[in-house]
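A short write-up of the structure that comes next.
Number of protein chains: 2
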Amino acid sequence: MKKNTVISAFESLSSGIRLDVFRLLVKKGPEGMVAGAIATTLDVPPTNLSFHLKALTQARLLTVEQEGRFQRYRANISLMLDLIAYLTEECCSGHPEQCADMRAASKCSDAVLPPISPTQVKP
Amino acid sequence: MKKNTVISAFESLSSGIRLDVFRLLVKKGPEGMVAGAIATTLDVPPTNLSFHLKALTQARLLTVEQEGRFQRYRANISLMLDLIAYLTEECCSGHPEQCADMRAASKCSDAVLPPISPTQVKP
DNA sequence: ACAACAAATCAACCAATGTTGAAATAAAAC
DNA sequence: GTTTTATTTCAACATTGGTTGATTTGTTGT
Numbered sequence: 001m002k003k004n005t006v007i008s009a010f011e012s013l014s015s016g017i018r019l020d021v022f023r024l025l026v027k028k029g030p031e032g033m034v035a036g037a038i039a040t041t042l043d044v045p046p047t048n049l050s051f052h053l054k055a056l057t058q059a060r061l062l063t064v065e066q067e068g069r070f071q072r073y074r075a076n077i078s079l080m081l082d083l084i085a086y087l088t089e090e091c092c093s094g095h096p097e098q099c100a101d102m103r104a105a106s107k108c109s110d111a112v113l114p115p116i117s118p119t120q121v122k123p
Numbered sequence: 124m125k126k127n128t129v130i131s132a133f134e135s136l137s138s139g140i141r142l143d144v145f146r147l148l149v150k151k152g153p154e155g156m157v158a159g160a161i162a163t164t165l166d167v168p169p170t171n172l173s174f175h176l177k178a179l180t181q182a183r184l185l186t187v188e189q190e191g192r193f194q195r196y197r198a199n200i201s202l203m204l205d206l207i208a209y210l211t212e213e214c215c216s217g218h219p220e221q222c223a224d225m226r227a228a229s230k231c232s233d234a235v236l237p238p239i240s241p242t243q244v245k246p
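The listed protein sequences derive, respectively, from chains A and L.
According to my numbering, numbering within the first sequence proceeds without interruption in unit steps and concludes at 123.
According to my numbering, numbering within the second sequence proceeds without interruption in unit steps and concludes at 246.
Structure (structure tokens):
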């Protein structure tokens, strides 16, 4: 994974509006949302939203598809998971037991992050 | 989890130097590294590194501990995992099978992200 | 063709961030 | 106690990002 991709992605996620947009679309999943609906839901002026959608799309965190006069945006779940992998790779130099007691579980799904097993948590 | 914490964290990870520092310390685990060693390893001028270490620490992605005249920095693995949980929560509105075919595996450890099971991957 | 609508671009302004060398602080070694 | 070493703070500069209203592009329905 290219470092510039990662930097662009995190840069995109460091704005409150863009973070809200991305999480909203992660929640929506494959269905996605059209630009106007996002603007209404998050109460952001369309011009400003367009600016942030462009940034997110250029960072590849979103995809766009034209639907008539609407633009449908979807979260790039694959890139999101790549980012997670990039951050956590080589964690504790391959001795994961060292950070096992600092665990926190992702809510994405059990398919992605399973519940912590009893041997991994502190009493 | 507070949104400002998340924004600060991603803002911190959107600089090439800070991203390198954080990943280096994730790799080092509980051992951590002192500031000078980080500067040498990444070939960053001490003044500049200090600026970035301060940003990462204020964002709570790093912890500092004084050791004589050295400052030892460690990655806050717990916050990193909270960020992952924040990004992925409510993924596909609780229908994770919708994004299962977009999976990518984290390298952090099997304890954190297990290998993809055969039923979760596309042929 | 034309009016109505969705969304993006433009230009202007304001605010925040990254980098560097020199100076300051603070602990260790002599 | 003076010198050396580790790190941070400061001041200056250059660069980049965010917001807004007006304008433009492109699509649908009449």
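Just so you know, even glycine gets a beta-carbon here, dropped at the ideal spot from N, CA and C.
All of these numbers come straight from a predicted model, not from anything done at the bench.
Under 9 Å Cβ-Cβ, which residues of chain L neighbour VAL34 of chain A?
Chain L residues near VAL34 of chain A: none, gap ~17 Å exceeds 9 Å.
Counterpart residues of LEU62 of chain A in DSSP-defined beta bridges:
A:ALA75
Please tell me whether, using a cut-off of 7 Å, the distance from the CB of LEU87 of chain A to the nearest non-hydrogen atom of the ligand COA is below it.
The ligand COA is not among the ligands present in this structure, which contains no ligands whatsoever.
Pull up the distance between the alpha-carbon of ILE17 of chain A and that of HIS52 of chain A, whole angstroms please.
7 Å
Does any residue of chain L have a CB that is nearer than 8 Å to the CB of LEU62 of chain A?
no
Buried or exposed: SER216 of chain L, going by 16 or more other Cβ atoms within 10 Å of its Cβ?
exposed
Would HIS175 of chain L pass as an interface residue toward chain A - the criterion being a Cβ-Cβ separation below 8 Å?
no
Quick check: is the beta carbon of PHE10 of chain A nearer than 8 Å to any beta carbon in chain L?
yes
8 Å Cβ cutoff met for ILE7 of chain A and SER131 of chain L
no
Rounded separation between THR128 of chain L and PHE145 of chain L - CA only
16 Å
Out of A:GLU67, A:LYS27, A:LEU19, A:ALA85, point me to the one whose CA is closest to ALA35 of chain A's CA.
A:GLU67
With 16 other Cβ atoms within 10 Å as the buried cut-off, status of ASP166 of chain L
exposed
Verify the CB distance criterion: does ILE140 of chain L have a CB-CB separation below 8 Å to chain A?
no
Go through its chain and collect everything with a Cβ distance to LEU179 of chain L's Cβ below 7 Å, but skip five positions before and after it.
SER135, ARG141, VAL144, PHE145, LEU185
Please state the DSSP three-state secondary structure of MET1 of chain A.
coil
From this set, L:GLN181, L:SER201, L:LEU172, which residue's C-alpha is nearest GLY152 of chain L's C-alpha?
L:SER201
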